[in-house]
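If you count the sequence shown from 1, you need to add 2 to reach the working numbering.
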Amino acid sequence: MCGIVGYTGPRQAASLLIEGLRRLEYRGYDSAGIAVVNGRGLEVMKAAGKLSALEQQLAGKLPQGTVGIGHTRWATHGAPTTPNAHPHTDQSGDIAVIHNGIIENAGAIRKMLEARGHTFTSETDTEVLVHLVGELYDGSLEEAVAAALRDVDGAYGLAFISEREPGVIVAARKGSPLLVGVGEDEYFIASDASPLLEHTRSVVYLDDGEMAILTPDGYRIRNLETTQIDKPVNQIEWDLATIERGGYSHFMLKEICEQRESVTNTLRGHLLEEEGTSRVTGLNLSDEQLKRIERIVITACGTSWHAGLIGEYMLEEMARIPVEVEYASEFRYRNPVVDERTLVIAISQSGETADTLAAVREAKLRGARTIGLVNVVGSTIAREVDGGIYLHAGPEVGVASTKAFTSQVAALALVSLRIARLRNLSILQGRDFIQHLQALPDKIQQILNRSDEIEQLAERFVRASNALYLGRGVNFPVALEGALKLKEISYIHAEGYPAAEMKHGPIALIDEMMPVVFIAPKDAVYQKILSNMEEVKARGGKVIALVNECDAQVDRLADACIEIPETHELLSPMLTIIPLQLFSYYVAVRRGCNVDQPRNLAKSVTVE
Ligand code: F6R
3 MCGIVGYTGP RQAASLLIEG LRRLEYRGYD SAGIAVVNGR GLEVMKAAGK LSALEQQLAG
63 KLPQGTVGIG HTRWATHGAP TTPNAHPHTD QSGDIAVIHN GIIENAGAIR KMLEARGHTF
123 TSETDTEVLV HLVGELYDGS LEEAVAAALR DVDGAYGLAF ISEREPGVIV AARKGSPLLV
183 GVGEDEYFIA SDASPLLEHT RSVVYLDDGE MAILTPDGYR IRNLETTQID KPVNQIEWDL
243 ATIERGGYSH FMLKEICEQR ESVTNTLRGH LLEEEGTSRV TGLNLSDEQL KRIERIVITA
303 CGTSWHAGLI GEYMLEEMAR IPVEVEYASE FRYRNPVVDE RTLVIAISQS GETADTLAAV
363 REAKLRGART IGLVNVVGST IAREVDGGIY LHAGPEVGVA STKAFTSQVA ALALVSLRIA
423 RLRNLSILQG RDFIQHLQAL PDKIQQILNR SDEIEQLAER FVRASNALYL GRGVNFPVAL
483 EGALKLKEIS YIHAEGYPAA EMKHGPIALI DEMMPVVFIA PKDAVYQKIL SNMEEVKARG
543 GKVIALVNEC DAQVDRLADA CIEIPETHEL LSPMLTIIPL QLFSYYVAVR RGCNVDQPRN
603 LAKSVTVE
């Protein structure tokens, strides 16, 4: 989703801004721009399309100036054109803004400003906002921004500069993440830490309703009234290498290949082998509180929602506790039945997904205890939940989520184990589960070591237009996730179904052009899924089988077979998903798709 970067200090801003925008590219965007203040005034350059289009326009002649703001825009209000790109300027052309989010009452403000003689050059809500600030300006950018924001409804992470106050950046946050980077005699503003890491690891996270005023001499935080706020400076653990490709052709491939390590990191320090349980003190729930839970609701979006479905199987099977998994976008508007005896688990890689955040707030309002399984440290969801587990998967830059998924499932396994041991799971069963968990990273690596095999398989299916993914039990969500991975990066239409549902409709689609991926580890329903393979084979469909053993029976039915190491039935998704991620990746690369930044997609969906 849109990215923000701003700089004030002794160095030339423009090149730092372009570099910062490059680091934000992974969020997904369709236009970009920068604005810099210098002795000649405010210079704004922007272009539709990728950052390279903006760089071409600058053609090596970067505007001079030591304060500036830069933006990558993901279109919401108005098409992805150059006039709609940010920064936008006010009527006088002296004040510029970059903005993530949506100003909901922009229509009414626009009318009021038009009546006062303002003219607009874009279709955006953001331009309305900067005109309002210009209208209210009376010698202080800070006060004009505060006054304007008191009048607007909606969500924003934003930054203003003005040629009338060189050196000053005024930023504010409500609903869209923003942080201040504290360097040595220089200060940054950004929508996430990635553009800052090269310069500083010291950051201050803004909360909703807060403004930051940056100058080359320091920064201050205040609210929209006049109260100054003291905030701690946090240290980011990631270094630059973790957000670079490090020899891989794409971030997605790097992140798929990191899963032995990322899963190890998620589990680290949480397993109590002797007691056959997990240590999850971060949940901030006593054993007594955990025992009193009557119901669990898991809420998330996209891939994280698929992980949640796997959590449902784990929690119900191991802890015998009823679980519902709700799309966060539905939960927030559905008058959900949750109360103080309900535990709400929010799952989010970014910790910034607008719907998931709203679902957490809704659950808290209704008295539920909320926990977050979140990857990005210091993100909004992580800060608003009552407790949780950080995934420690490391930064995920590729738009398609891969390593966060396996870490989410690992974190759900930790929560399930803890709750189950307090209820009905025996110590021996607990120890057995832990042994399987500990063996997973090596088994993931075994699959990754065979990626050539999966690359060859991908070659055979590169021209498919449709694909069906079928799984049963805990591997039904893997079918959904496998299909999502393929469609989002290769643009091949793919659907996931519980295998037995095939007969109730999708079977009509099967012909010799249709690859059908069966996720079929040897579990309680293995024989049944082989019968489903027979049905596909009988109709000429192309069967790709993910099984523990490519034996004679599978060989007869499958056009291609991939072997997966055996594990605990409930943990099998953490292995079965790996070849499906690789398969989607190789298919997309062969089709010439932009794997790390698929069309229309954003990494962190901070609007509804
Ligand atoms: C798919 C994907 C998305 C995200 C979804 C939720 O590959 O990445 O479906 O899973 O937008 O994002 P988070 O987990 O950041 O809340």
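We treat Cβ as the ideally placed atom computed from N, Cα and C, and that holds for glycine.
Nearest Cα to I494 within the set P600, C563 and I521: P600. Taking a cut-off of 8 Å on C-beta distances, the stretch 389-401 touches the stretch 410-418, as three or more cross pairs fall below it.
Distances from the CA of A466 to each of K505, R592 and D525 were compared; the closest alpha carbon is that of R592. Excluding its 5 nearest sequence neighbours in each direction, H79 has C-beta neighbours in its own chain below 6 Å: T126 and D127, listed in chain order. The straight-line gap separating the alpha-carbon atoms of I100 and H73 is approximately 6 Å. With respect to the 8 Å criterion, A16 and P89 are not classified as neighbours on the basis of their beta carbons. Between R262 and H272, the CB-CB gap reaches or exceeds 8 Å. Between the stretch 176-196 and the stretch 100-110 there are three or more inter-stretch CB-CB distances shorter than 8 Å, so the stretches are counted as touching. Annotation for N267: the continuous alpha helix (DSSP H) segment containing it runs Q261 to L269.
Put simply, of F333, N477 and H201 the residue whose alpha carbon is nearest the alpha carbon of V7 is H201. By the criterion of a C-beta distance shorter than 6 Å, E354 is surrounded in its chain by P179, S381, T382, S606 and T608, once the five residues flanking it on both sides are discounted.
Between T91 and V130, the alpha-carbon positions lie close to 9 Å from each other.
If you draw a straight line from the Cα of A192 to the Cα of E275, it comes to about 42 Å. With contacts defined as CB atoms closer than 8 Å, V135 and A98 fail to qualify as a contacting pair. Taking 8 Å as the upper bound for CB-CB distance, L199 and L269 are not in contact here, some 26 Å apart. Judged by the Cβ position, S306 qualifies as a neighbour of the ligand F6R at the 7 Å threshold, a heavy atom of the ligand being closer than this.
Across the set E364, H308 and G400, the C-alpha of H308 shows the shortest separation from the C-alpha of L486.
Relative to the non-hydrogen atoms of the ligand F6R, the Cβ of T355 comes within a distance shorter than 7 Å of at least one. Within a 10 Å sphere around the beta-carbon of V235 sit fewer than 16 other beta-carbons, which makes this residue exposed. No heavy atom of the ligand F6R is found nearer than 7 Å to the CB of S54.
Between the stretch 495-511 and the stretch 530-546 there are three or more C-beta pairs closer than 8 Å, enough to call the two in contact. In the DSSP assignment, H101 forms a beta bridge with L160. If one requires a minimum length of 3 residues, the beta strand (DSSP E) runs lying completely within the stretch 80-126 are 97-105, in chain order. The beta carbon of E364 sits closer than 6 Å to the beta carbons of R334 from its chain, once the five residues preceding and following it are set aside; these are given in chain order.
Scanning its chain for C-beta atoms nearer than 7 Å, with the 5 sequence neighbours on each side dropped, one finds around V527 the residues R474 and G475, in chain order. When the beta-carbon positions are compared, S352 and V378 come within less than 8 Å of each other. The ligand F6R approaches Q351 closely enough that one of its heavy atoms is under 7 Å from the residue's Cβ. Using a 10 angstroms sphere on the CB of M515, the tally of other CB atoms stays under 16, which defines it as exposed.
At a cut-off of 4 residues, the continuous stretches assigned as alpha helix (DSSP H) that sit fully inside the stretch 287-320 are 289-294. Nearest Cα to A356 within the set A496, E145 and A157: A157. A straight-line Cα-Cα distance of about 15 Å links L285 and R343. The residue among L582, R29, Q529 and I312 with its C-alpha nearest the C-alpha of L559 is Q529.
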